[in-house]
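Protein chains in written order, with this note's numbering: chain A, 85 to 364; chain B, 85 to 364; chain C, 85 to 364; chain D, 85 to 364.
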């Protein structure tokens with residue numbers, strides 16, 4: 085399994101959330117507490133949308149197959165790049181090759197996608213799932229992970245028009261193909277996806293026991309509870325973090341996203357999350 | 085394009101042909117003379133069958149995404165590993181990702197496969213070709229190269245029973261699928277394949293102008309012509325090298341394999357090569 | 085030998101000079117024209133000062149031991165990072181190890197340093213040169229290149245107070261130590277150094293035949309001569325590029341820096357360069 | 085801290101001890117039990133002397149900066165290389181750069197050296213220790229670890245003539261230089277060294293609490309106690325393993341090497357280890 089983090093809000097130096105917190109994502113690459121594996125050292129990736137519009141709205145992606153904890157380039161980047169919306173992911177391979185094209189986040193046009201979890205018996209379902217990908221997108225699949233195939237299935241199913249719908253149809257297909265191959269409870273996922281404007285975070289598992297996922301409380305609330313926190317001074321109230329596991333133990337900061345639900349950020353006032361239901 | 089070398093004969097230290105010759109394969113990684121590209125620095129690989137049977141007949145494969153010319157591990161290996169049958173390949177990517185799973189040689193069970201050339205407009209033919217691979221083998225495809233798909237198509241078409249036939253059927257399919265997508269002359273290849281017992285080398289191009297390929301003369305002939313050559317003293321007369329381009333300029337050592345032909349080593353006395361005809 | 089590029093002027097996307105020009109630095113990593121080696125594939129590095137002040141004036145450094153031409157992370161970075169002052173370097177090792185700590189540019193505090201050239205018989209002079217480095221700086225030497233030792237010698241000799249003087253004293257020491265070991269003409273160098281405010285470029289060789297080095301004409305001049313150039317529209321007249329070899333063949337754009345001289349950018353009006361004389 | 089393993093005895097496939105045992109060294113790279121760090125993912129290395137004499141008595145060294153647990157090349161090598169005497173090391177950096185030249189084992193001529201431990205405040209002692217290295221050997225230091233400097237100090241002090249004496253003099257120097265810099269208890273080490281004929285293993289710490297180190301009982305004893313063990317059938321009685329931590333929990337197999345002692349293998353009958361005393 086893996087650990088990931090997604091940030092949306094006021095432009096922030098990546099370092100502020102990747103390295104500074106007590107139990108930062110980089111710390112989680114060595115000492116994850118809630119993951120199946122405590123070590124997530126099979127590569128990492130960050131994806132960010134530029135604060136100054138560089139890249140014409142297309143996010144930058146930086147990936148490496150080495151562990152995040154000892155990567156000097158990542159530390160350099162984190163200390164010099166500011167972004168209003170960025171993803172970071174540390175990988176623990178469940179068997180697929182250690183290569184950049186298997187590192188998250190995955191990008192297609194303006195879209196970023198990252199995943200923690202797995203498709204059970206993927207090798208048995210892989211071919212049917214790949215066949216369901218839009219033939220025009222098939223050559224875009226560069227790696228050998230279930231996560232990348234899930235992404236291109238979601239793109240195939242209309243990510244551009246309707247994110248929750250596309251993800252629901254992707255999950256519906258995975259479960260149908262799983263059933264056809266006698267794989268009960270084929271899917272396990274927490275997924276983050278963004279187009280640079282908004283951030284969607286999904287938590288779902290076929291058997292109903294999905295990986296942990298948390299979102300941060302409104303910045304004003306956190307500021308009020310923890311005036312000591314360094315970077316909160318600068319950020320807008322709409323700023324949110326979604327993480328595989330909390331970056332610290334501060335009370336009132338982290339809220340668990342329930343089973344079978346998804347969050348959209350910036351959030352509609354009063355709506356922290358909505359139910360997620362696969363479309364068969 | 086790439087450069088490759090295949091050796092079959094008396095157990096030899098890899099170093100003797102990878103580093104020692106004037107225009108060795110490692111030298112070719114920086115200064116290829118006959119390739120489309122003079123630099124082949126997008127990764128490399130060696131595959132060898134053990135002289136002492138280690139590995140139960142399965143060849144070892146060592147691959148790296150960095151250039152061969154500065155790789156210390158390759159030099160160490162070459163200076164300490166002896167093998168009666170080994171492959172070496174230096175890569176010049178035509179666009180696909182720089183990752184170990186895209187480096188040659190490819191292995192499946194006891195089989196090794198490497199390729200120099202390309203399938204034209206591969207991104208357009210890729211899906212149909214992948215669909216033609218035995219579903220049971222589909223998950224074995226780990227990378228994104230045309231070469232690996234060609235290999236699993238050949239395995240699908242009976243490499244185990246009939247090597248020239250399986251390769252002919254693979255080429256026939258690629259040309260048919262190419263024609264269906266309006267790609268004339270889709271294939272360009274020099275291929276080496278082995279099961280650890282014998283070595284097959286193919287040269288073919290749809291348009292009839294394939295990459296260069298050479299095989300060495302019988303060791304006794306070379307010894308006679310060039311008593312100065314270091315390692316020839318030790319090797320059997322049946323020993324042969326097949327290379328993308330000659331390792332030196334010695335007259336009488338290197339013979340070009342003609343267009344649309346293939347060689348089998350150990351060779352049947354008097355038969356240096358046979359015609360290669362695709363099977364539609 | 086290596087190839088390098090230094091940019092100073094209006095904040096620019098790295099991509100504009102690293103990838104866009106006909107004979108860009110990335111192109112030079114494969115096809116250098118004026119270098120001793122045409123291939124510079126033994127690693128690369130970029131160093132940049134943030135346009136928005138991120139990093140508190142300390143430049144970011146991104147290095148990799150793989151070739152620049154196929155590096156996806158570099159391309160991503162170049163397409164999303166803007167900087168008013170940046171260095172880029174592609175390496176051709178003269179024997180020292182292929183490792184990030186041997187890649188240029190080197191950084192110490194706010195300083196960046198990169199070098200093309202070599203100290204002759206460095207292995208014989210290395211110890212004496214290292215001994216001359218300020219003991220407090222000795223542990224900062226992480227790699228095994230002559231270039232890094234030259235940098236820390238310059239820091240030892242007062243780079244902070246007087247750049248040309250510190251470099252002159254460093255060169256003076258190298259030549260004296262060389263003479264002591266019977267190495268005539270020990271030094272060959274083109275060096276770029278910056279503190280984030282100004283850029284200094286030096287060209288010098290003990291025997292008087294140093295590597296090529298060019299600086300660009302004033303932006304207004306180039307704009308006038310070549311209205312077609314894409315990025316010149318945006319840049320200030322003080323903007324300059326210093327390069328191992330021209331990025332194109334446009335007349336009037338590139339001027340050779342003479343033997344034994346150095347340039348300071350931003351330039352004092354009317355002063356393109358000054359003489360460089362080692363201090364024994 | 086790190087974990088290491090040294091094997092001496094009947095030629096064995098590296099795989100038999102690197103991957104097969106329940107708590108193999110590769111397993112220890114992810115789940116060390118007795119180390120300061122449970123993860124040893126900052127690179128690894130193996131060094132082996134050829135069973136067939138390839139390399140003229142000089143050992144081969146294979147190193148990588150990535151973790152051992154996911155390295156395919158290491159698995160390939162381990163499955164195809166047999167050796168009568170080999171070292172393997174998984175690294176947990178205490179701060180120095182992640183590069184091949186900082187990976188163990190280190191080699192000089194016919195000698196291999198690896199280390200687990202550290203020199204306290206190394207950055208303060210580094211220069212004086214480097215100065216004590218034979219000037220002719222100084223350029224051999226390619227990396228930035230304390231371990232490599234300890235090795236070249238031992239070579240300087242006569243490793244070729246008297247291994248225990250050279251190591252005792254090296255330790256004596258480190259402790260003297262430490263005292264001069266106000267560093268009490270500067271050294272912490274378990275060291276393995278070999279010339280291809282014999283294997284020496286040292287355990288020592290200035291403060292007397294050194295890292296764990298174990299050696300295996302005579303093969304006949306182990307065979308008697310554990311007839312189930314796979315590879316013991318083939319090995320000679322003189323075969324021994326020395327490891328940072330046991331490869332399993334079998335009673336009677338593993339013996340702790342006491343504080344301040346060293347073992348020589350092949351062992352003199354009745355002499356499992358001797359006392360180790362630094363030479364001031």
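Think of the CB as a built atom: it goes at the ideal place given N, C-alpha and C, for glycine as much as any other residue.
Assumed close pair residue i, residue j - CB separation to whole angstroms, cut-off 8 Å
| i | j | result |
| --- | --- | --- |
| residue 326 of chain B | residue 90 of chain B | 5 Å |
| residue 235 of chain C | residue 190 of chain C | 5 Å |
| residue 182 of chain C | residue 148 of chain C | Incorrect: roughly 10 Å between the Cβ atoms, too far for contact. |
| residue 88 of chain A | residue 198 of chain A | 5 Å |
| residue 173 of chain D | residue 188 of chain D | 4 Å |
| residue 248 of chain D | residue 357 of chain D | Not really, about 11 Å apart at Cβ, beyond 8 Å. |
| residue 170 of chain D | residue 130 of chain D | 6 Å |
| residue 150 of chain A | residue 150 of chain D | 5 Å |
Interface residues of chain B facing residue i [CB-CB closer than 9 Å]
| i | result |
| --- | --- |
| residue 235 of chain A | Per Cβ cutoff of 9 Å: no residues; residue 235 of chain A is ~15 Å from chain B at best. |
8 Å Cβ cut-off: residues of chain B touching residue i
| i | result |
| --- | --- |
| residue 147 of chain D | 156 and 157 |
| residue 265 of chain A | Result: empty, since nearest Cβ-Cβ is about 11 Å, beyond 8 Å. |
| residue 105 of chain C | None at all; the shortest Cβ gap to chain B is about 20 Å. |
| residue 172 of chain D | Result: empty, since nearest Cβ-Cβ is about 14 Å, beyond 8 Å. |
| residue 160 of chain D | 144, 145 and 146 |
DSSP beta-bridge partners of residue i
| i | result |
| --- | --- |
| residue 203 of chain A | A:271 |
| residue 148 of chain A | A:128 |
| residue 327 of chain A | A:89 and A:298 |
| residue 265 of chain D | Answer by DSSP bridge pairing: none, since residue 265 of chain D is not bridged. |
| residue 196 of chain B | B:191 and B:278 |
| residue 285 of chain D | D:276 and D:347 |
| residue 96 of chain C | C:167 |
| residue 340 of chain D | D:298 |
| residue 173 of chain A | A:88 and A:129 |
| residue 358 of chain D | D:346 |
Partners in chain B for residue i, counting only beta-carbon separations shorter than 7 Å
| i | result |
| --- | --- |
| residue 114 of chain C | 123 |
| residue 95 of chain A | Under the 7 Å cutoff, chain B gives no residues; its nearest Cβ is about 31 Å from residue 95 of chain A. |
Chain-ordered chain D contacts of residue i [CB-CB under 7 Å]
| i | result |
| --- | --- |
| residue 126 of chain A | 154 |
| residue 226 of chain C | 181 and 228 |
| residue 207 of chain C | 223 |
| residue 151 of chain A | 125 and 151 |
Under 7 Å from the C-beta of residue i: neighbouring residues of chain A
| i | result |
| --- | --- |
| residue 190 of chain B | Ordered by position in chain A, no residue passes the 7 Å Cβ test against residue 190 of chain B, which lies about 13 Å from the chain. |
Cross-chain neighbours of residue i in chain C, by beta carbon under 8 Å
| i | result |
| --- | --- |
| residue 134 of chain A | 164 |
| residue 219 of chain D | 211 |
| residue 138 of chain A | 97, 163, 164, 165 and 166 |
Chain-ordered neighbours of residue i on chain C, where CB pairs are closer than 7 Å
| i | result |
| --- | --- |
| residue 222 of chain D | 210 and 211 |
Residues of the region 174-186 of chain D whose Cβ lies closer than 9 Å to any Cβ of chain C, in chain order: 180, 181, 182, 183, 184, 185 and 186
The region 217-224 of chain B in contact with the region 193-204 of chain B per 3-pair CB rule at 8 Å: no
Residues, ordered as in the chain, of the region 345-363 of chain A that lie near chain B by beta-carbon distance below 9 Å: none
At least 3 beta-carbon pairs within less than 8 Å: the region 298-306 of chain C vs the region 209-217 of chain C: Taking a contact to require three or more Cβ pairs closer than 8 Å, the region 298-306 of chain C and the region 209-217 of chain C do not qualify as touching.
Cβ contact check for the region 155-172 of chain D and the region 95-106 of chain D: 3 or more pairs under 8 Å: yes
contact_flag[the region 151-164 of chain A, the region 133-141 of chain A] where n(CB pairs < 8 Å) is 3 or more: no
The region 101-116 of chain A in contact with the region 99-117 of chain D per 3-pair CB rule at 8 Å: no
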